[in-house]
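Visitor:
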Amino acid sequence: ATVVLGVLAVADVVFLNITERAAELATLRSFGWRDTVLARLVVTEGAIIGLTGSLIGAGLGLAAAAWFTGHLPSRLVIIAAVVVLAGILVTATTTLLPAALLRRLPTAHLLAEE
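Add 6 to the 1-based position in the sequence shown for the numbering used here, that's all there is to it.
The structure is reproduced here in C-alpha coordinates:
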(Lines of atoms letter the chains of each structure in order from A; the text may use other names.)
(Lines give C-alpha, C1' and ligand atoms only; values in the text may rest on other atoms or scores of the structure.)
Protein backbone atom coordinates (compact mmCIF):
# COMPACT_ATOMS: atom_id res chain seq x y z
CA ALA A 7 0.00 0.00 0.00
CA THR A 8 2.88 2.37 0.77
CA VAL A 9 4.48 1.79 -2.62
CA VAL A 10 1.16 2.39 -4.40
CA LEU A 11 0.62 5.62 -2.47
CA GLY A 12 4.17 6.70 -3.28
CA VAL A 13 3.66 5.98 -6.98
CA LEU A 14 0.43 7.97 -6.99
CA ALA A 15 2.09 10.85 -5.16
CA VAL A 16 4.94 10.98 -7.68
CA ALA A 17 2.50 10.84 -10.61
CA ASP A 18 0.49 13.67 -9.05
CA VAL A 19 3.58 15.83 -8.45
CA VAL A 20 4.80 15.32 -12.02
CA PHE A 21 1.34 16.00 -13.47
CA LEU A 22 1.01 19.22 -11.44
CA ASN A 23 4.52 20.20 -12.50
CA ILE A 24 3.54 19.76 -16.16
CA THR A 25 0.34 21.77 -15.79
CA GLU A 26 2.13 24.59 -13.95
CA ARG A 27 4.91 24.70 -16.55
CA ALA A 28 2.63 24.21 -19.55
CA ALA A 29 3.50 27.59 -21.06
CA GLU A 30 7.22 26.90 -20.72
CA LEU A 31 6.85 23.49 -22.32
CA ALA A 32 4.76 25.01 -25.12
CA THR A 33 7.50 27.58 -25.71
CA LEU A 34 10.09 24.82 -25.97
CA ARG A 35 7.84 22.97 -28.39
CA SER A 36 7.47 26.12 -30.52
CA PHE A 37 11.27 26.37 -30.71
CA GLY A 38 11.34 22.92 -32.29
CA TRP A 39 11.68 20.56 -29.36
CA ARG A 40 9.97 17.31 -30.23
CA ASP A 41 7.46 15.64 -27.95
CA THR A 42 9.88 12.76 -27.35
CA VAL A 43 12.53 15.16 -26.06
CA LEU A 44 10.02 16.88 -23.77
CA ALA A 45 8.80 13.50 -22.53
CA ARG A 46 12.40 12.47 -21.84
CA LEU A 47 12.83 15.69 -19.85
CA VAL A 48 9.78 14.86 -17.71
CA VAL A 49 10.87 11.24 -17.18
CA THR A 50 14.36 12.43 -16.19
CA GLU A 51 12.83 14.79 -13.63
CA GLY A 52 10.80 11.87 -12.26
CA ALA A 53 13.90 9.70 -12.06
CA ILE A 54 15.69 12.45 -10.14
CA ILE A 55 12.75 12.63 -7.72
CA GLY A 56 12.97 8.85 -7.32
CA LEU A 57 16.73 8.95 -6.81
CA THR A 58 16.47 11.63 -4.15
CA GLY A 59 13.64 9.96 -2.27
CA SER A 60 15.17 6.50 -2.51
CA LEU A 61 18.59 7.65 -1.32
CA ILE A 62 17.10 9.52 1.63
CA GLY A 63 14.83 6.60 2.55
CA ALA A 64 17.55 3.98 2.22
CA GLY A 65 20.04 6.13 4.12
CA LEU A 66 17.62 6.71 6.98
CA GLY A 67 16.70 3.03 7.01
CA LEU A 68 20.33 1.96 7.16
CA ALA A 69 21.05 4.52 9.88
CA ALA A 70 18.08 3.29 11.93
CA ALA A 71 19.12 -0.35 11.49
CA ALA A 72 22.68 0.44 12.55
CA TRP A 73 21.44 2.40 15.56
CA PHE A 74 19.03 -0.35 16.69
CA THR A 75 21.37 -3.29 16.18
CA GLY A 76 24.73 -1.66 16.79
CA HIS A 77 26.18 -2.88 13.48
CA LEU A 78 25.35 -2.80 9.79
CA PRO A 79 25.31 -6.14 7.94
CA SER A 80 26.62 -5.99 4.37
CA ARG A 81 23.54 -7.88 3.20
CA LEU A 82 21.37 -5.01 4.39
CA VAL A 83 23.47 -2.52 2.41
CA ILE A 84 23.00 -4.61 -0.74
CA ILE A 85 19.24 -4.74 -0.15
CA ALA A 86 19.19 -0.96 0.32
CA ALA A 87 21.05 -0.51 -3.00
CA VAL A 88 18.51 -2.72 -4.77
CA VAL A 89 15.69 -0.72 -3.19
CA VAL A 90 17.24 2.53 -4.44
CA LEU A 91 17.40 1.14 -7.98
CA ALA A 92 13.83 -0.10 -7.74
CA GLY A 93 12.70 3.30 -6.48
CA ILE A 94 14.30 5.02 -9.46
CA LEU A 95 12.73 2.58 -11.91
CA VAL A 96 9.28 2.82 -10.33
CA THR A 97 9.24 6.61 -10.30
CA ALA A 98 10.61 6.89 -13.84
CA THR A 99 7.93 4.45 -15.01
CA THR A 100 5.29 6.39 -13.12
CA THR A 101 6.15 9.56 -15.03
CA LEU A 102 5.50 7.93 -18.41
CA LEU A 103 1.75 8.67 -18.25
CA PRO A 104 2.11 12.38 -17.41
CA ALA A 105 4.86 12.61 -20.06
CA ALA A 106 2.48 11.13 -22.62
CA LEU A 107 -0.01 13.87 -21.79
CA LEU A 108 2.45 16.45 -23.11
CA ARG A 109 1.11 15.79 -26.60
CA ARG A 110 -2.26 17.16 -25.53
CA LEU A 111 -0.91 20.55 -24.51
CA PRO A 112 -2.52 23.22 -26.69
CA THR A 113 0.67 24.95 -27.79
CA ALA A 114 -0.91 27.84 -29.70
CA HIS A 115 -3.43 28.55 -26.94
CA LEU A 116 -0.80 28.51 -24.22
CA LEU A 117 1.50 30.80 -26.17
CA ALA A 118 -1.38 33.20 -26.85
CA GLU A 119 -2.06 33.45 -23.12
CA GLU A 120 1.54 34.42 -22.40
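Ideal placement from N, C-alpha and C gives every residue a C-beta, glycine not left out. Note that this is a predicted model, so its numbers are computed, not measured.
Using the Cα positions of T99 and V43, report the straight-line distance between them to the nearest angstrom.
Guide: Residue numbering aside, residue 99 sits at position 93 when the sequence shown is read from its first letter. Residue numbering aside, residue 43 sits at position 37 when the sequence shown is read from its first letter. The straight-line gap from Cα to Cα measures roughly 16 Å.
Visitor: Per DSSP, what kind of secondary structure is L111 in: helix, strand or coil?
Guide: Along the sequence shown, one-based indexing puts residue 111 at 105. Coil, per DSSP.
Visitor: Going by beta carbon distance, what residues of the same chain come within less than 7 Å of V90, once the five residues before and after it are set aside?
Guide: Stepping through the sequence shown from its first residue, residue 90 is reached at position 84. Correct list, in chain order: S60, L61, A64.
Visitor: What are the start and end residues of each continuous alpha helix (DSSP H) run of 4 or more residues lying completely inside the segment 40–89, in chain order?
Guide: Entirely contained in the segment 40–89, the alpha helix (DSSP H) runs reaching 4 residues are, in chain order, 41–75.
Visitor: Are the CB atoms of P104 and F21 nearer to each other than 8 Å?
Guide: Residue 104 sits at position 98 when you count from the first residue of the sequence shown. Residue 21 sits at position 15 when you count from the first residue of the sequence shown. Yes.
Visitor: Ignore the nearest five residues each way along the sequence and tell me which others in A71's own chain have a CB closer than 7 Å to its CB.
Guide: In the sequence shown, counting from the first residue as 1, residue 71 sits at position 65. Excluding residues within five positions, the ones whose Cβ falls inside 7 Å are L78, L82.
Visitor: Taking 8 Å as the cut-off, decide whether the C-beta atoms of G67 and I94 are in contact.
Guide: To locate residue 67, count along the sequence shown from 1; it is residue 61. To locate residue 94, count along the sequence shown from 1; it is residue 88. No, they are not a contact pair.
Visitor: Does DSSP put G38 in a helix, in a strand, or in coil?
Guide: Walking along the sequence shown from the start, residue 38 turns up at place 32. G38: coil per DSSP, three-state reduction.
Visitor: Under three-state DSSP, which class holds A7?
Guide: Translated into positions along the sequence shown, residue 7 becomes position 1. A7: coil per DSSP, three-state reduction.
Visitor: Please report the straight-line C-alpha distance between D18 and G52, rounded to a whole angstrom.
Guide: In the sequence shown, counting from the first residue as 1, residue 18 sits at position 12. In the sequence shown, counting from the first residue as 1, residue 52 sits at position 46. In a straight line, the C-alpha of D18 is about 11 Å away from that of G52.
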